[in-house]
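Enquirer:
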Amino acid sequence: MGIGRYIAKRALTSIITFFAVLVLTFILFRLLPGNPVLLLFRNPELTQQQISQLSAQFGLNKPLYEQFILFIVNVFRGNWGLSFYYRVPVTQVLFPALLNSIILILPSTILAILIGVGLGVLSGWKRNTLTDMAVLSSSLVLYAIPTFWLGILLIMLAVRIGGIPVSGMLSIGVSFSSPLQYLGNLLRHLLLPMITLTLVTLGQFTIIMRTSVINELTEDYVVAAYAKGMSESRLISKHVVPNAMLPTVSIIVISIGTVVAGAVLTETVFSWPGVGTLIYDSIARRDYPVLQGAFLIVALSVIISNFIADLVYAYLDPRVKYS
Amino acid sequence: MSARSTLKKYLSNRKGSLGLAILVVLVFMALLAPVISPYKPTQIDPTAILQPPSAKHLLGTNEVGEDILSLIIWGSRISLLVGFLATFVAVLVGTAVGVVAGYMSGLTDEALMRTTDFFLVIPAVVLAIVVAAVLGNTLLNVILIIGLLSWPSTARVVRSATLVYKQMPFVEASKCAGAGTAYILRKHILPNVLPLVYANTSLTIANSIFTQAALVFLGVGDINDISWGQILHFAYASGAITAGDYWYAVPPGLMIVVAVLGFALTGYALDEVLNPKLKAGVVFESA
Amino acid sequence: MSLLDIEDLKVYFATRAGTVRAVDGVELSVGTGEVLGLAGESGSGKTTLGYALMRVLPRNAKLDGRIIFNGRDLLTLSAKEFNRVRGREIAMVFQGSMNSLNPVIRVEEQVAEPLILHGGMNEDEAKKRARELLAEVGVSADKAKSYPHELSGGLKQRVAIAMAISTRPKLLIADEPTTALDVVTQAQILRLISELRDRFGLSVIMISHDLSLLSEVCDRLAIMYAGKIVEVGSKAEIVRTPEHPYTQALLASIPSVERVGEDSPSIPGEPPDPINPPSGCRFMPRCAYARRECEDFDGYLYELSSTHRAACVLVGGKPIERVPR
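Chains as they are written, first to last, in the working numbering: chain A, 1 to 323; chain B, 324 to 610; chain C, 611 to 935.
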């Protein structure tokens with residue numbers, strides 16, 4: 001199928017998936033132990049006016065299917081409810097947290113991909129040699145290490161060394177005289193969480209790329225290319241890697257979910273004020289509207305990232321591009 | 324391939340032997356916990372709070388004076404149990420879905436696959452956290468949640484295998500002889516598909532152990548039962564981390580690493596042994 | 611002075627089950643501008659022989675003997691030195707060229723690659739030359755920019771040939787170049803190979819299980835069985851007066867228009883175990899003429915003429931009655 005149809009199909013799948021997420025969310029958050037209305041009334045934080053406002057807005061007295069339609073409409077309108085704890089719209093709480101999460105996730109993922117793919121190629125090329133065994137064992141160990149435990153270890157190490165912040169995004173109570181100083185402080189806080197997230201993510205990318213390279217090396221075109229009389233390095237870089245990248249991209253797509261999960265755990269350990277910490281806190285505070293909103297945001301981000309990755313794949317694979 | 328020759332082949336695989344050895348040790352640890360544990364895990368000693376390792380307490384004590392070594396040993400029970408049971412659920416559902424989707428094809432296949440992809444897209448840990456928070460964090464819930472979030476990977480593997488086997492001549496022959504769908508599935512498809520599932524099962528167990536630890540650490544899992552994740556939860560919550568009490572934080576995490584490695588290595592080895600890739604590939608002379 | 615002289619070549623594979631003797635002492639030569647057909651059933655070692663000439667065998671292969679090409683023993687060259695021979699002086703077209711083209715690189719770039727590697731050209735020059743080469747083999751300019759999956763089997767095979775001859779090698783090894791192609795395309799490819807021999811003096815070793823195919827385009831034929839050459843000679847000699855029972859059986863099993871309605875005779879039995887080949891003549895268990903002398907036979911190729919040789923006791927030594935058992 002041509003690239004246009006491919007994109008359209010992927011877009012449709014993404015939309016359907018998001019719709020499924022909405023359905024799931026609706027079901028989940030209406031299964032609250034106890035009547036949501038009662039829960040609202042039990043919440044001493046809200047004023048009576050706010051409660052009535054909520055009831056009307058979310059039609060909590062109406063039949064279920066009407067509630068559902070209202071829910072969908074509200075989601076698309078940006079009306080994601082009111083935070084029980086902060087008493088402001090959920091979106092107001094969510095989006096700054098989202099930004100903070102992106103600051104952590106994006107550089108970590110990119111770094112993990114670069115290092116992981118590089119090591120994977122090296123390992124696959126030199127398979128069954130000492131280099132390969134070393135890389136493979138370390139990757140397996142990294143894959144096995146719980147994200148939060150690695151974070152904990154790094155915190156203990158940092159406390160022992162001193163000077164490296166172990167919690168939060170910025171130092172509290174400090175005023176910054178220049179943007180550069182602000183950035184410096186931010187980066188110092190970013191160091192440990194980023195190391196944690198990068199390390200736990202790169203293990204699986206290495207293994208995936210290594211498997212992909214090894215699979216490609218058994219293909220016929222590799223023998224044919226080698227028969228042309230080129231050096232190993234050229235064979236690997238110009239022939240094997242471009243092919244090996246393709247299934248790797250597909251699998252990295254599936255792993256995006258894991259990266260997000262890893263981010264949630266990392267943020268919690270380091271109290272990094274992103275969506276992960278928000279989820280953790282809102283559970284403790286029983287702030288269900290925020291929890292729901294955070295869940296929706298996470299799902300949406302994963303769906304969008306998957307879609308972008310699908311586009312990248314379509315661009316890279318000529319069999320998709322030119323058919 | 325007979326069971327005996329498979330076992331022999333498996334044991335000659337270094338990864339597999341190591342993985343299996345680890346698993347055997349862990350299972351014995353869990354089973355023999357009452358016997359090998361130096362103290363009862365809930366035995367509190369208010370005079371010995373947060374003590375570093377000593378002759379009396381080989382791994383030191385926690386913030387209420389419990390012996391950490393005992394906690395670790397007893398913790399293996401829940402950690403492993405949840406891993407096994409959740410995987411049992413996952414493999415049961417996953418195999419059923421995979422076989423049906425692969426064999427039926429058409430709309431059933433499409434629908435089931437969309438559902439599978441959905442679960443693969445949404446980060447399982449996040450979904451688990453949210454569901455556990457909403458439905459309550461009992462042990463049973465945790466097992467069910469993890470199980471119901473892990474079946475997609477099994478389903479995919481089973482479906483691919485089913486697609487291959489359903490085209491084999493002996494299935495055709497069986498159909499011509501008048502065999503019904505249930506019979507074919509039971510007699511022909513399943514026995515051939517199951518070996519491929521074993522490798523996936525091992526990896527699923529590894530994942531389940533990890534997820535349970537994560538859930539408990541965050542406080543949405545079952546924090547009343549002793550498990551490695553639970554120990555870490557209290558290590559973090561009690562401030563022992565920032566105090567630098569390494570004996571509290573290192574062992575439980577290490578156990579998780581070892582357990583996950585054990586199951587992962589076993590899974591990879593099973594994959595190599597049961598699903599051999601036939602092509603050898605070219606060699607480079609300079610190597 | 612022939613272009614290629616293979617002397618007592620052995621290719622053994624070390625496997626868990628034992629040492630597989632895929633090529634077990636082969637003597638063969640190819641002249642300039644000559645097309646040699648190498649025939650045999652699967653497992654005879656013919657493909658391994660081709661791969662050995664290119665030195666693209668798996669890690670567990672051990673080579674022994676001499677491969678004298680243009681006066682040099684190829685097996686004594688280092689890996690780096692041989693890289694300059696491979697793809698430049700000796701080239702190969704593989705079985706199932708459908709898969710021997712890289713799926714993510716455009717066809718003209720793949721044909722251009724040997725020119726960049728060995729011909730010292732830059733990318734633009736090489737691509738231009740590649741387009742010319744593709745035109746020579748019958749791939750039009752508009753197809754040159756395609757990706758392999760966009761081309762038909764026949765076109766892909768032509769591309770593979772263009773790729774192989776781009777550096778004007780002296781020897782081309784073609785392993786089952788027409789399998790999986792329809793008869794029309796098959797004929798076109800064979801015609802192309804003949805042309806290349808006529809125009810450029812290209813020597814070809816064509817490997818196939820299909821003796822009738824080989825007899826169409828080859829100048830000389832060599833028959834291989836169980837890792838050894840059992841008969842070699844000019845096309846006329848082999849096709850009209852085959853002397854080795856295996857060759858005779860192969861020729862007899864070719865379905866013929868003249869024998870419509872009759873069952874084509876097939877050769878009973880199976881080839882010997884390559885890990886434990888029997889001593890004596892390896893074809894003996896399946897041979898209609900087997901006798902006691904065959905048990906001591908070492909596979910020597912007796913001369914029937916200056917060009918025709920066969921490894922059978924019925925040929926060498928005392929003349930024996932050719933009476934089937």
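Beta carbons are placed, not taken as given, at the ideal position from N, Cα and C, and that holds for glycine.
Between Leu861(C), Gly729(C), Ser639(C), Gln705(C), which has its C-alpha nearest Ser822(C)'s C-alpha?
Expert: Reading the third sequence from its first residue, position 212 is the one you call residue 822(C). It is Leu861(C) whose Cα lies nearest to the Cα of Ser822(C).
Enquirer: Closer than 9 Å between beta carbons: that is the criterion. Which residues of the stretch 133 to 155 of chain A meet it against chain C?
Expert: Of all residues in the stretch 133 to 155 of chain A, none has a Cβ within less than 9 Å of some Cβ in chain C.
Enquirer: Does the Cβ of Asp808(C) have 16 or more other Cβ atoms within 10 Å, making it buried, or fewer, making it exposed?
Expert: Within the third sequence, residue 808(C) is the residue found at index 198, counting from 1. Asp808(C) is exposed by the Cβ-count criterion.
Enquirer: Looking at the structure shown, is Tyr86(A) part of a helix, part of a strand, or coil, going by DSSP?
Expert: Position 86 of the first sequence holds residue 86(A). DSSP places Tyr86(A) in coil when its eight states are reduced to three.
Enquirer: Measure the Cβ-Cβ separation of Leu802(C) and Val747(C) and say whether it is below 7 Å.
Expert: For the purposes of this step, residue 802(C) is taken as residue 192 along the third sequence, with counting starting at 1. For the purposes of this step, residue 747(C) is taken as residue 137 along the third sequence, with counting starting at 1. In contact: Leu802(C) and Val747(C) (Cβ atoms closer than 7 Å).
Enquirer: Among Val222(A), Ile251(A), Ser233(A), which one has its Cα closest to the Cα of Thr720(C)?
Expert: For the purposes of this step, residue 720(C) is taken as residue 110 along the third sequence, with counting starting at 1. Correcting the residue identity first, residue 720(C) is Gln in this sequence and not Thr. It is Val222(A) whose Cα lies nearest to the Cα of Gln720(C).
Enquirer: Taking a contact to mean a Cβ-Cβ separation below 7 Å, would you say Phe176(A) touches Leu265(A) in this structure?
Expert: If you number the first sequence from 1, residue 176(A) lands on position 176. If you number the first sequence from 1, residue 265(A) lands on position 265. No, the pair does not count as a contact, with Cβ atoms beyond the cut-off.
Enquirer: Taking all protein chains shown into account, decide if Phe810(C) is buried (16 or more other Cβ within 10 angstroms of its Cβ) or exposed.
Expert: Position 200 of the third sequence holds residue 810(C). Counting Cβ neighbours within 10 Å, Phe810(C) comes out exposed, since fewer than 16 surround it.
Enquirer: Between the C-alpha atoms of Met773(C) and Asp310(A), what's the straight-line distance to the nearest angstrom?
Expert: Locating residue 773(C) in the third sequence gives position 163, where the first residue counts as 1. Locating residue 310(A) in the first sequence gives position 310, where the first residue counts as 1. Answer to the nearest angstrom: the Cα atoms are 33 Å apart.
Enquirer: With 16 other CB atoms within 10 Å as the buried threshold, where does Leu667(C) fall?
Expert: By 1-based counting over the third sequence, the position of residue 667(C) is 57. When all chains shown are included, Leu667(C) counts as buried.
Enquirer: Could you tell me which uninterrupted alpha helix (DSSP H) segments, each at least 4 residues in length, are contained entirely in the stretch 470 to 501 of chain B, listed from first to last along the chain?
Expert: Within the stretch 470 to 501 of chain B, the complete alpha helix (DSSP H) runs of at least 4 residues are 492 to 499.
Enquirer: Hey, how far is the Cα of Val240(A) from the Cα of Ala722(C)?
Expert: Position 240 of the first sequence, counted from the first residue, corresponds to residue 240(A). Position 112 of the third sequence, counted from the first residue, corresponds to residue 722(C). Spanning the two alpha carbons is a distance of roughly 18 Å.
Enquirer: Within 10 angstroms of the Cβ of Phe557(B), are there 16 or more other Cβ atoms? Answer buried if so, exposed if not.
Expert: Your numbering for residue 557(B) matches position 234 in the second sequence. Phe557(B) should be labelled buried.
Enquirer: Report yes or no: is there a C-beta of chain B within less than 7 Å of the C-beta of Phe349(A)?
Expert: No answer is possible for residue 349(A): it lies beyond the span of chain A, which begins at 1 and ends at 323.
Enquirer: Once the 5 residues before and after Ala158(A) are set aside, which same chain residues still bring their CB inside 7 Å of it?
Expert: Start at 1 with the first residue of the first sequence, and residue 158(A) comes out as number 158. Around Ala158(A): Ile164, Val166, Leu192.
Enquirer: Hey, is Met569(C)'s beta-carbon within less than 7 Å of any beta-carbon in chain A?
Expert: There is no way to answer for residue 569(C), as the model of chain C reaches only from 611 to 935.
Enquirer: Can you pull the chain C residues whose beta carbon is under 7 Å from the beta carbon of Met209(A), in chain order?
Expert: Position 209 of the first sequence, counted from the first residue, corresponds to residue 209(A). Result: empty, since nearest Cβ-Cβ is about 16 Å, beyond 7 Å.
Enquirer: Please return the same chain residues whose Cβ sits closer than 7 Å to the Cβ of Phe26(A), not counting the five positions on each side in sequence.
Expert: Against the first sequence, residue 26(A) aligns to sequence position 26. Contacts found: Phe68, Phe71.
Enquirer: So the candidates are Gly628(C), Leu613(C), Ser639(C); which of them puts its Cα closest to the Cα of Leu619(C)?
Expert: Here residue 619(C) is taken as the residue at index 9 of the third sequence, counted from 1. Of the candidates Gly628(C), Leu613(C), Ser639(C), the one whose C-alpha sits nearest the C-alpha of Leu619(C) is Ser639(C).
Enquirer: Going by alpha carbons, who is nearest to Thr657(C) out of Leu911(C), Gly837(C), Pro888(C)?
Expert: The count along the third sequence starts at 1 and reaches residue 657(C) at position 47. Nearest of Leu911(C), Gly837(C), Pro888(C) to Thr657(C), Cα basis: Gly837(C).
Enquirer: Identify the contact partners of Thr268(A) in chain B, using a Cβ-Cβ distance below 7 Å as the criterion.
Expert: On the first sequence, position 268 is the one that residue 268(A) refers to. Under the 7 Å cutoff, chain B gives Leu541.
Enquirer: So what's Asp317(A) in DSSP terms, helix, strand or just coil?
Expert: Taking the first residue of the first sequence as 1, we reach residue 317(A) at position 317. Residue state, collapsed to three classes: coil.
Enquirer: Consult DSSP for Ile110(A) and reduce its assignment to one of helix, strand or coil.
Expert: If you number the first sequence from 1, residue 110(A) lands on position 110. Looking at Ile110(A) - three-state DSSP - the assignment turns out to be helix.
Enquirer: Between Leu765(C) and Lys755(C), which are expected to be in contact by the criterion C-beta below 8 Å, what is the C-beta distance as a whole number of angstroms?
Expert: Taking the third sequence and counting its residues from 1, one reaches residue 765(C) at position 155. Taking the third sequence and counting its residues from 1, one reaches residue 755(C) at position 145. About 13 Å; that fails the 8 Å criterion.
Enquirer: Using the C-alpha atoms, what's the distance from Ala751(C) back to Ile799(C)?
Expert: The residue you call residue 799(C) lines up with position 189 of the third sequence. The residue you call residue 751(C) lines up with position 141 of the third sequence. Taking the straight line joining both Cα atoms gives about 19 Å.
Enquirer: Which of the three DSSP states is assigned to Arg902(C) in this structure?
Expert: As a working note, residue 902(C) is residue 292 in the third sequence. Correct three-state label for Arg902(C): helix.
Enquirer: For Val794(C), does the count of other Cβ atoms within 10 angstroms reach 16, so buried, or fall short, so exposed?
Expert: Numbered from 1 along the third sequence, position 184 holds the residue referred to as residue 794(C). Looking at its Cβ environment, which holds fewer than 16 other Cβ atoms inside 10 Å, Val794(C) is exposed.
Enquirer: For Tyr6(A), return the contacting residues in chain C, with the cut-off set at a CB-CB distance below 8 Å.
Expert: Within the first sequence, numbered from 1, the residue matching residue 6(A) stands at position 6. Per Cβ cutoff of 8 Å: no residues; Tyr6(A) is ~15 Å from chain C at best.
Enquirer: Within its chain, find whatever has a CB closer than 8 Å to the CB of Ser497(B); leave out the 5 residues flanking it on each side and keep chain order.
Expert: Within the second sequence, the letter at position 174 stands for residue 497(B). Same-chain partners within the cutoff: Tyr506, Ile507, Lys510, His511.
Enquirer: Residues in the stretch 655 to 671 of chain C with C-beta within 7 Å of chain A's C-beta atoms, listed in sequence order?
Expert: Residues Met664, Val666.
Enquirer: Out of Leu12(A), Val298(A), Ala294(A), which has the shortest C-alpha to C-alpha gap to Val260(A)?
Expert: What you label residue 260(A) is simply residue 260 of the first sequence in a count that begins at 1. Nearest of Leu12(A), Val298(A), Ala294(A) to Val260(A), Cα basis: Val298(A).
Enquirer: Under a CB-based cut-off of 7 Å, is Tyr569(B) close to chain A?
Expert: Mapped onto the second sequence, residue 569(B) falls at position 246. It does; some Cβ of chain A falls within 7 Å.
Enquirer: Does the stretch 388 to 407 of chain B come within contact of the stretch 542 to 550 of chain B, defined as at least 3 CB pairs closer than 8 Å?
Expert: Judged by Cβ distances under 8 Å, the stretch 388 to 407 of chain B makes contact with the stretch 542 to 550 of chain B, as three or more pairs qualify.
Enquirer: How many whole angstroms separate the CB atoms of Ser531(B) and Thr418(B), which I take to be in contact at a CB cut-off of 8 Å?
Expert: For the purposes of this step, residue 531(B) is identified with residue 208 of the second sequence, where counting begins at 1. For the purposes of this step, residue 418(B) is identified with residue 95 of the second sequence, where counting begins at 1. Incorrect: roughly 16 Å between the Cβ atoms, too far for contact.
Enquirer: Once the 5 residues before and after Val314(A) are set aside, which same chain residues still bring their CB inside 6 Å of it?
Expert: Position 314 of the first sequence, counted from the first residue, corresponds to residue 314(A). First, the amino acid is wrong: residue 314(A) is Ala here, not Val. The residues are Ile3, Tyr6, Val320.
Enquirer: Helix, strand or coil for Thr565(B)? Go by DSSP, reduced to three states.
Expert: Looking up residue 565(B) in the second sequence gives position 242. Here Thr565(B) sits in coil by DSSP.
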